[in-house]
Amino acid sequence: MEYKVRDLKLADQGRLKIEWAENHMHVLMRLRKRFSQKKPLKDLRIGAVLHVTKETAVLVKALKDAGAEVYLAGSNPLSTQDDVAAALVEYGIHVYAWRGQSSSDYYWCIRQVIESKPDIVLDDGADLHATLHKEYVEIASSIVGGTEETTTGVNRLKALEKEGLLKYPVIAVNNAYTKYLFDNRYGTGQSTFDGILRATNILIAGKVVVVAGYGWVGRGIALRAKGLGARRVIVTEIDPFKALEAVFDGFEVMPMNRAAEIGDIFITATGNKAVIRREHFEKMKDGAILANAGHFNVEIWIPDLEEMSVSRKNIRPYVTEYRLSDGRRLYLLAEGRLVNLVAAEGHPSEVMDLSFSNQLLAVKYLYDNRGKIPPKVFNQPRELDEKVARLKLESMNIEIDMLTHEQIEYLRSWMLGT
Ligand code: ADE
């Protein structure tokens, strides 16, 4: 079997981690059980570029148990859990991933996945989709369909679609309610602080936390910053609706230029580049901490930080001290990459249960409807999204009401008014 991982001897430890995730992913495990009996993905070849974590392991095991052959690469050079990767090889998954890759290693792994000629592709951030469309158009043209896990990836795919270049239908799993309302908000909200705390062990109480971006991720981070006792939580935004919402949610809103002078901890979650740059570094307090929760390492503009600093040293794992010429020190976490996946373990299993159950159902939907869907970006079909929500509630022993016949009639009718 073909694979490339750090060390197969780590497999025992990886298996225990995966077992822990399995015990906390009830919906996915239930679907996996059903799929392993019916084998709905029999003979399918799946290529996935996802963060190689214990939660991803539960998803790819489900895909394999459903009958597929799976090729997996990591979706970030620093996020792979090497023990999990080793355990997956033992399970028969073709894994090409290890922690601490160069950019060329990273793309080499993606190419191994592509060269397996997958029927369906799963991606997180769209590096797989983009490489397929840039360098492997022939293989891209034969793909049945794909999925995309994250907001940044969906934006890139929409740009590809707009230029008329998209070669296969893609389900934007990110846009399912049971994905973004939970994973983006509560998953990132918690795991971002998990990463910051594991890296620094600082006290959040009494600090001024600046959150750049008030999308679902920024909302979750601001909420958790408040819950951990931050003295002030400041939001920066470019969108007037989101800015207003942040104000009404009880946060201060101001431009980064002003926030830069005040903040103790800066967390970016915008999906854009150079959100914190030279003009902001110039104003920051000695000791300010910089962390990123957006998909790519472009939000905190490291080239400016490098240019402005007279020295750089790693002070703890995933904490780099940049000393500026005036003596101030700025601390960059996780090399500006996703702090939650680099310095911690990513989102907790319970929340990935929702995201990855959607992924599994989306793959089956694409396969069942092969040849019938045009090459466009689609939202997750509503019935699948709702199924995930209902199964999750059931797994938590939470019951909800049902509409009565009279209520259904009432909602359908325009006759009754005042
Ligand atoms: N993205 C964020 N958290 C994750 C996790 N635990 N596994 C896979 N992808 C993730």
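Note that the numbering used here gives residue 449 to position 410 of the sequence shown, counting from 1, and the numbers run on in steps of one. Beta carbons: idealized from backbone N, C-alpha and C, even for Gly.
Local Cβ density within 10 Å of residue i, reported as buried at 16 or more and exposed below that
| i | result |
| --- | --- |
| arginine 224 | buried |
| threonine 231 | buried |
| methionine 40 | exposed |
| valine 134 | buried |
| alanine 244 | exposed |
| threonine 227 | buried |
| asparagine 62 | exposed |
| glutamine 419 | buried |
| aspartate 162 | buried |
| threonine 457 | exposed |
| methionine 391 | buried |
| valine 402 | buried |
| histidine 444 | exposed |
| tryptophan 59 | exposed |
| glycine 385 | buried |
| lysine 93 | buried |
| lysine 56 | buried |
| proline 157 | buried |
Among the options, nearest to residue i - alpha-carbon criterion
| i | options | result |
| --- | --- | --- |
| valine 91 | Pro414, Ala124, Tyr449 | Ala124 |
| asparagine 115 | Gly268, Val88, Lys411, His319 | Val88 |
| valine 416 | Leu380, Arg150, Leu196, Ser155 | Leu196 |
| alanine 264 | Val248, Lys100, Pro79, Val314 | Val248 |
| glutamate 300 | Arg367, Ile241, Gly234 | Arg367 |
| glycine 86 | Leu117, Ile132, Val152 | Val152 |
| aspartate 166 | Thr189, Ser180, Asp158, Ala269 | Thr189 |
| glycine 185 | Gly456, Glu425, Lys411, Leu405 | Leu405 |
| aspartate 122 | Glu108, Ile241, Ala198, Asp51 | Asp51 |
| valine 176 | Tyr207, Cys148, Lys201 | Tyr207 |
| arginine 84 | Glu58, Leu111, Gln76, Glu94 | Leu111 |
| valine 378 | Ile306, Lys281, Glu284, Ile182 | Ile306 |
| tryptophan 137 | Gln76, Ala107, Leu49 | Leu49 |
| proline 414 | Ile210, Arg429, Gly234, Pro279 | Ile210 |
| alanine 383 | Thr239, Val160, Gln76, Asp82 | Thr239 |
| valine 272 | His65, Pro279, Arg258, Phe280 | Arg258 |
| proline 79 | Glu422, Glu108, Arg54 | Glu108 |
| glycine 310 | Val193, Leu442, Lys43 | Val193 |
| histidine 319 | Arg376, Ile341, Gly333 | Ile341 |
| histidine 65 | Leu430, Gly203, Ile437, Met454 | Leu430 |
| aspartate 424 | Asp46, Asn214, Gln446, Ala198 | Asn214 |
Cβ shell of residue i (< 8 Å), same chain only, five flanking positions each side left out
| i | result |
| --- | --- |
| isoleucine 354 | Glu360, Tyr370 |
| isoleucine 439 | Leu432 |
| leucine 399 | Leu67, Leu70, Arg71, Phe74, Leu98, Ala101, Leu102, Ala105 |
| valine 349 | Arg362, Leu363, Ser364 |
| leucine 267 | Phe232, Ile243, Ala244 |
| leucine 220 | Trp255 |
| serine 142 | Pro116 |
Under the three-state DSSP convention, the category residue i falls into
| i | result |
| --- | --- |
| lysine 43 | strand |
| leucine 161 | strand |
| lysine 352 | strand |
| isoleucine 439 | coil |
| threonine 309 | coil |
| phenylalanine 221 | helix |
| alanine 261 | helix |
| glutamate 187 | strand |
| arginine 271 | strand |
| isoleucine 57 | helix |
| histidine 133 | strand |
| arginine 376 | coil |
| alanine 211 | strand |
| glycine 254 | coil |
| leucine 49 | helix |
| leucine 400 | helix |
| glutamate 445 | helix |
| phenylalanine 232 | helix |
| valine 249 | strand |
| valine 91 | coil |
| phenylalanine 335 | coil |
| valine 314 | coil |
| asparagine 408 | coil |
Sequence-distant residues of the same chain with beta carbon closer than 6 Å to residue i, five excluded per side
| i | result |
| --- | --- |
| lysine 352 | Glu360 |
| leucine 127 | Ala96, Val134 |
| arginine 463 | Residue 463 is absent from the model: the chain starts at 40 and stops at 457. |
| serine 394 | Lys218, Asp222 |
| threonine 275 | Ala251, Met295, Ala298 |
| lysine 43 | Tyr135 |
The ligand MN heavy atom lying under 7 Å from the CB of residue i
| i | result |
| --- | --- |
| serine 230 | Within the structure as shown, the ligand MN is missing, the only ligands being the ligand ADE. |
Residues near residue i by beta carbon distance below 7 Å, same chain, minus five either side
| i | result |
| --- | --- |
| valine 286 | Val292 |
| tyrosine 145 | Pro116 |
| glutamate 460 | A query on residue 460 cannot be resolved here, the shown segment of the chain reaching from 40 to 457 and no further. |
8 Å Cβ cutoff, residue i in contact with chain D
| i | result |
| --- | --- |
| tyrosine 361 | Among the chains of the structure shown, chain D does not appear; only one protein chain is present. |
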